[in-house]
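For reference, the structure discussed in these notes is given below.
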Amino acid sequence: MQAIILGIVQGATEFIPISSSGHLVLVPWLLGWEDPGLTYDAIVHWGTLLAVLSFFWRDFWEIARNFLSGLVRGQVWGDQTRLGWLLIVGTLPAAVIGLLLESQFEALFGKPQWVALFLMGTGCLLWLSERWRQSGKTLSDMGVPDALVIGFAQALAITPGISRSGSTIAAGLLRGLDRATAARFSFLLMAPIVFGAGAKKTLDLLSAGVDSATLLPVGLGFLAAAFTGYVSIGFLMRYLQRATLHLFAYWCWGFGLFCFVLALWRGG
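For what it's worth, the numbering used here labels the leading residue of the sequence shown as 94, then goes sequentially.
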């Protein structure tokens, strides 16, 4: 049951902009559960990757086909290759910063009060992006500066409690994208990073060895994360066509404040 519940939490909060890393720290802490461990962490990342690839498979296929076709024709930068390059450019900040600073941020995963504070920071980011957002751009209007800004916003998610989808969608709004387009680019941009994180954790897992007794709960967590992630993407894409990010800001503030006060009461 713990594996399924945490898989549902991972799948939902990876895409709904309320921070999967924050909830995967705070939910087990609130319930008094032990850390699910490296095996579980590695496998559920593949579950969320499966969700985003399944939902946007046509987009990824078109991007890859057009990118390779454009390069073969000698069009290094053109209508066919542009979106592929934007995804590459947007991925670089998070990849570099993650490799350089991951160990410095790992200690925060054991400090619920800090995670709760960063979760409230996600709420502020979502609220401010709605207040200051611009509009008018589509994916075809995006340029390298837009991809870099969104990419650096994604890099903020190395901090537990800062939502990857929340920070990138917020950055997209501030760069002039509408909500649905910002979410679409956010999810497309998420795939390489989730793949990289899953691959790294899997290599760490293989180095540490796999306990066969964990295979069943880990498998259930994978399925829960994949299914919930797919449903969550569909929900958010529909929701953002008609509503703001304010609801998610309220959740981050409320849940974050509750956990922060509880952490102080418990003595950290």
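Even glycine gets a Cβ: it sits at the ideal position worked out from N, Cα and C. Note that the coordinates shown come from a computational prediction; the quantities given were computed from them, not determined experimentally.
8 Å CB neighbourhood of residue i in its chain, flanking five on each side removed
i    : result
W220 : L338, H339 and A342
Contacting residues, own chain, Cβ-Cβ under 6 Å from residue i (five flanking each side not counted)
i    : result
L266 : S222, R226 and A275
V120 : V102
L270 : K230
G349 : A209, L212 and M213
Residue from the options with nearest C-alpha to residue i
i    : options                   : result
A263 : P285, P253, A284 and A240 : A240
P285 : L185, I101, G104 and L117 : L185
I371 : Q103, Q95 and I109        : In the structure displayed, the chain extends from 94 to 361; residue 371 sits before or after that span and is not available.
F278 : F348, G259 and L309       : G259
A149 : W358, V324 and I251       : One detail in the question is off: residue 149 reads as Phe in this sequence, not Ala. The residue with the shortest Cα to Cα distance from F149 is V324.
T106 : A188, R166, G347 and R257 : R257
F351 : Q206, L313, E127 and L161 : Q206
F245 : S228, Q334 and M283       : M283
W344 : A200, L117 and G216       : G216
L124 : P238, I98 and Y133        : I98
L313 : A292, I136 and L201       : I136
L329 : F280, V311, A290 and A317 : F280
According to DSSP, residues forming a beta bridge with residue i
i    : result
K230 : L270
Residue environment, residue i, which counts as buried when at least 16 other CB atoms sit within 10 Å
i    : result
D297 : exposed
M94  : exposed
F211 : buried
R272 : buried
L333 : buried
Same chain, Cβ closer than 7 Å to residue i, five either side skipped, listed in chain order
i    : result
L143 : A319
V182 : V237, A240, L241 and G244
L194 : I251
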